[in-house]
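Protein sequence lines, in the order shown, are assigned to chains D and A.
Following the working numbering, the numbering of the first sequence begins with 10 at its first residue and continues without gaps.
Following the working numbering, the numbering of the second sequence begins with 259 at its first residue and continues without gaps.
Ideal placement from N, C-alpha and C gives every residue a C-beta, glycine not left out.
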Amino acid sequence: NAGVMQNPRHLVRRRGQEARLRCSPMKGHSHVYWYRQLPEEGLKFMVYLQKENIIDESGMPKERFSAEFPKEGPSILRIQQVVRGDSAAYFCASSPGSAGGLHNEQFFGPGTRLTVL
Amino acid sequence: SQQGEEDPQALSIQEGENATMNCSYKTSINNLQWYRQNSGRGLVHLILIRSNEREKHSGRLRVTLDTSKKSSSLLITASRAADTASYFCARDSGGSYIPTFGRGTSLIVHP
Numbered sequence: 010n011a012g013v014m015q016n017p018r019h020l021v022r023r024r025g026q027e028a029r030l031r032c033s034p035m036k037g038h039s040h041v042y043w044y045r046q047l048p049e050e051g052l053k054f055m056v057y058l059q060k061e062n063i064i065d066e067s068g069m070p071k072e073r074f075s076a077e078f079p080k081e082g083p084s085i086l087r088i089q090q091v092v093r094g095d096s097a098a099y100f101c102a103s104s105p106g107s108a109g110g111l112h113n114e115q116f117f118g119p120g121t122r123l124t125v126l
Numbered sequence: 259s260q261q262g263e264e265d266p267q268a269l270s271i272q273e274g275e276n277a278t279m280n281c282s283y284k285t286s287i288n289n290l291q292w293y294r295q296n297s298g299r300g301l302v303h304l305i306l307i308r309s310n311e312r313e314k315h316s317g318r319l320r321v322t323l324d325t326s327k328k329s330s331s332l333l334i335t336a337s338r339a340a341d342t343a344s345y346f347c348a349r350d351s352g353g354s355y356i357p358t359f360g361r362g363t364s365l366i367v368h369p
């Protein structure tokens, strides 16, 4: 039973290019969360998605950032026209979710380390 | 800030000693969780403690929660070099089940 998978593990982009980060949740999990972590910092929530729906994007910058979780395939975090300040580790987590709204443990992927030159 | 804030920021101990890390928060919580992160890796869930619980154990880990003081502690007993990692507390509150993370405690256990 594979855990949360993220790829690529490392991504280098030049300023102005696009970065696409992928996350495959654990089998049976329908909830995906994206976080950003700067060096020596904790994780900052970005966006929470369920299949084909963005539930909460309050932590995601309004410009250049977008996320999707299609019916088929992985969740994608897309950063357009990257800038040096986008350099960080981006973590994805998944949970099975609950119709009752009770908290579920989140399982984290290994992260994608984005470096913008 | 509504983050869970851990202290100390860094902790250096010898193998076999106990390590205690604390987490404080400002608003009432539903749950509080502790995670471990090894350098360059993702987070590993350690323990979840609910607001109506006061203490939980898992192996060498002991977590306490004091809602009156809005604080939690993580105790690692008989530490090992492999416990070297950063430890984060995360809490969710109100109607949100998105955990909010603190900056973490960096623990170094010397063999």
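Have a look at residue i and residue j and give me their C-alpha separation to the nearest angstrom.
{"i": "Arg-93(D)", "j": "His-315(A)", "result": "43 Å"}
{"i": "Phe-74(D)", "j": "Phe-54(D)", "result": "13 Å"}
{"i": "Glu-275(A)", "j": "Ile-307(A)", "result": "24 Å"}
{"i": "Asn-310(A)", "j": "Ser-331(A)", "result": "15 Å"}
{"i": "Gly-118(D)", "j": "Arg-45(D)", "result": "12 Å"}
{"i": "Thr-363(A)", "j": "Gln-267(A)", "result": "5 Å"}
The beta strand (DSSP E) with residue i in it runs from where to where?
{"i": "Ala-102(D)", "result": "97-104"}
{"i": "Glu-311(A)", "result": "That residue, Glu-311(A), is in no beta strand (DSSP E); it is neither H nor E in DSSP."}
{"i": "Ser-332(A)", "result": "Residue 332(A) is actually Leu in this sequence, not Ser. First-last of the beta strand (DSSP E) with Leu-332(A): 329-334."}
{"i": "Gln-90(D)", "result": "No beta strand (DSSP E) holds Gln-90(D); DSSP gives it neither H nor E."}
{"i": "Val-367(A)", "result": "363-368"}
{"i": "Val-13(D)", "result": "No beta strand (DSSP E) contains Val-13(D), which DSSP labels as neither H nor E."}
{"i": "Asp-341(A)", "result": "First-last for Asp-341(A): undefined, no H or E at that position."}
Using a Cβ-Cβ cutoff of less than 6 Å, which residues in the same chain neighbour residue i once the five nearest sequence positions on both sides are dropped?
{"i": "Arg-320(A)", "result": "Leu-333"}
{"i": "Thr-335(A)", "result": "Asn-276 and Arg-318"}
With a threshold of 8 Å on Cβ separation, who are the neighbours of residue i within its own chain once the five nearest residues in sequence on each side are excluded?
{"i": "Glu-273(A)", "result": "Ser-337, Arg-338, Ala-339, Val-367, His-368 and Pro-369"}
Would a check of beta-carbon distances place residue i closer than 8 Å to chain A?
{"i": "Pro-119(D)", "result": "yes"}
{"i": "Glu-66(D)", "result": "no"}
Measuring CB to CB, does residue i end up less than 8 Å from residue j?
{"i": "His-40(D)", "j": "Gln-15(D)", "result": "no"}
{"i": "Ser-67(D)", "j": "Ala-76(D)", "result": "no"}
{"i": "Gly-120(D)", "j": "Gly-300(A)", "result": "yes"}
Does chain D have any CB closer than 8 Å to the CB of residue i?
{"i": "Ile-287(A)", "result": "no"}
{"i": "Arg-299(A)", "result": "yes"}
Once you ignore the five residues that flank residue i on each side, which residues in its own chain have a CB closer than 7 Å to its CB?
{"i": "Leu-323(A)", "result": "Leu-290, Ile-307, Glu-311, Arg-312 and Ser-330"}
{"i": "Ile-63(D)", "result": "Val-56 and Ala-76"}
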